[in-house]
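Colleague:
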Amino acid sequence: MKLRRNLTALVLGLSTIAAFAQTDGNTETRQIKEEGKTVFNPHWFMQVQAGASHTVGEAKFGDLISPAAALNFGYQFTPLWGLRAGLSGWEAKGAWVSPETIYKYNYLQGNVDATLDLSNLFCGYNPTRFFNAYLFGGIGVNGAFNNDEAVALNDAGHRLEYLWRDSKVNVVGRFGLGTNLRISDHVFFNIEVNANTMSDKYNSKKAGNSDWQFNALAGFTFKFGKTYTRTEPVYYEPAPAPAPAPVVEEKKEEPAPAPEPVKVQPMRQNIFFLINSSEIRTSEQSKVNNLIAYLKEHTDAKVSLCGYADKNTGNARINKKLSQERAEAVAEALKAEGIAADRITIDYKGDTEQPFNVIEENRVTICIAE
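The following block contains the structure:
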């Protein structure tokens, strides 16, 4: 009795395992209709930067280097375009030639920049890319102050023609180039260089042209929220289970009527292809086999093959050729099984006709045998 219970439990366990294996196998062999995609989500971001600035003047390059910092807040509208507003500033320097004298002053600058993601522009959208270059251009307002050293130099007899004493406000035009190096989805190491041009009066000296200030900055970019979404693949619906055979009632035998000529029903098979492909997939081979069997059974029947391509991908020339190759692929499969070429008619429509409402189903060769 105990042995019988053990055997029963073993059989039930094996049946359960087999059922799970059957389910998993069906999932793995499901035919993908559309691959999963990575979709961009608009999002806010912040940049914290620090580095060095150089104000162009009549002294050695290194003598005119000053500390600089910036804080930006922005919004990325699309994979390519964003907009940011920020504050930057710290210290700037100017130079008097003879005797050589370096003087310092401070500034604070507000900016509004439009940004263009160069990596997404040339390489396509990829939120997990390590190197992400961007270009930007914008305008700003620069407020300079603490110009006491230049004032003292002027009062000592060295005339600075554009000297300002308390503060000076200038409109700024700016552009630059930067990169965000990915650490995680939300944190990036940032490197940026930018150029700012403003009035000739910025450094208190008259030069007859615009004053320029250059910045080299490094820091971090922080992105907020979910910046992208990955969609799941879309599968074709499984074929419905065949309907049960109807119950046949017993009837008394009656004299059989004279047989009527048997009318051969035409056969139609829709053979679907993957995007940009004319290769017959394993999952579609059974349809080709059914068509071959029909033509061998009905030796007088002929078959017409018409290839199509979906109009949402490629172009008219490519799709015309692709639809021809799809029709010819089916024709070659029939001829390989002994179906005579004179029983096969080939046509192709490219993307000029779309027989189905679902985009992916228009990557098809429609076969009608009769």
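The sequence shown lines up with residues -21 to -1, 1 to 349 when you count with mature numbering (1 follows the signal peptide of the UniProt record, and there is no 0).
Heads up, the beta-carbon is just placed ideally off N, CA and C, and yes, glycines get one too.
(1) Can you give me the C-alpha to C-alpha distance between residue 95 and residue 55, rounded to a whole angstrom?
(2) Am I right that residue 66 and residue 89 are in contact with their C-beta atoms under 8 Å? What's the rounded C-beta distance?
(3) Among residues of its own chain, excluding the 5 on either side of residue 205, which ones have a beta-carbon nearer than 6 Å to its beta-carbon?
(4) Can the beta-carbon of residue 247 be found less than 9 Å from the beta-carbon of residue 161?
(5) Does the contact criterion of 3 or more C-beta pairs under 8 Å hold for the segment 276 to 295 versus the segment 316 to 327?
(6) Apply the 10 Å Cβ neighbour rule to residue 354 and answer buried if 16 or more other Cβ atoms are within range, or exposed otherwise.
(7) From the DSSP secondary-structure annotation, give me the bridge partner or partners of residue 250.
(8) Using only alpha-carbon positions, find the residue among 104, 176 and 306 that is nearest to residue 60.
(9) What are the boundary residues of the alpha helix (DSSP H) that includes residue 96?
(10) Classify residue 2 as buried or exposed, calling it buried when 16 or more other Cβ atoms lie within 10 Å of its own Cβ.
(11) To which residues of the same chain is residue 98 closer than 7 Å at the C-beta, ignoring the five residues directly before and after it?
(12) Could you check the C-alpha separation between residue 295 and residue 331 for me, to the nearest Å?
(13) Within 10 angstroms of its Cβ, does residue 253 collect 16 or more other Cβ (buried), or is it exposed?
(14) In this structure, does DSSP put residue 136 in helix, strand or coil?
(15) How is residue 144 classed by DSSP in three states: helix, strand or coil?
(16) What does the Cβ neighbour count give for residue 34, buried or exposed, with the cut at 16 atoms within 10 Å?
(17) Spell out a yes or no on whether the segment 208 to 219 and the segment 301 to 315 are touching, meaning 3 or more CB-CB pairs, one atom from each, closer than 8 Å.
(18) DSSP state of residue 295, grouped into three classes?
(19) List the endpoints of the continuous alpha helix (DSSP H) containing residue 267.
(20) With respect to the beta strand (DSSP E) encompassing residue 53, which residues constitute its N-terminal and C-terminal limits?
(21) Determine the closest residue to residue 83 out of 219, 300 and 45, with distance taken between C-alpha atoms.
(22) Report the rounded CA-to-CA distance for residue 12 versus residue 270, giving the unit in angstroms.
Modeller: On the basis of the data shown:
(1) Rounded to whole angstroms, residue 95 to residue 55 spans 10 Å at the Cα level.
(2) About 6 Å separates the two Cβ atoms, so the contact holds.
(3) Cβ within range, chain order: 20.
(4) In this structure, residue 161 does not lie closer than 9 Å to residue 247 by Cβ.
(5) The segment 276 to 295 vs the segment 316 to 327: in contact.
(6) Outside the displayed range of the chain (-21 to 349) lies residue 354, so it cannot be described from this structure.
(7) Beta-bridge pairing links residue 250 to 344.
(8) The alpha carbon of residue 60 has as its nearest neighbour, out of 104, 176 and 306, the alpha carbon of 104.
(9) Where residue 96 is concerned, there is no enclosing alpha helix (DSSP H), although the beta strand (DSSP E) it sits in stretches over 80 to 96.
(10) Below a pLDDT of 50, predicted positions are generally treated as unreliable, and residue 2, at 44, falls in that range; the measurement from the model is reported next regardless. Residue 2 sits exposed, since fewer than 16 C-beta atoms from the chains shown fall within 10 Å of its C-beta.
(11) 108, 110, 111 and 112, listed in sequence order.
(12) In this model, residue 295 and residue 331 are separated by some 8 Å (Cα to Cα).
(13) The residue in question, residue 253, is exposed, as its Cβ has fewer than 16 Cβ neighbours within 10 Å.
(14) In this structure, residue 136 counts as coil in the three-state DSSP scheme.
(15) Under the three-state reduction of DSSP, residue 144 is assigned to coil, being neither helix nor strand.
(16) Buried is the label assigned to residue 34, since at least 16 other Cβ atoms lie within 10 Å of its Cβ.
(17) No, because fewer than three Cβ pairs between the segment 208 to 219 and the segment 301 to 315 fall closer than 8 Å, the two stretches do not touch.
(18) Secondary structure at residue 295: helix, using DSSP grouped into helix, strand and coil.
(19) From DSSP, the alpha helix (DSSP H) with residue 267 extends over 264 to 276.
(20) For residue 53, the enclosing beta strand (DSSP E) starts and ends at 44 to 55.
(21) Nearest C-alpha to residue 83: 45.
(22) Straight across, the Cα-Cα distance linking residue 12 with residue 270 is about 24 Å.
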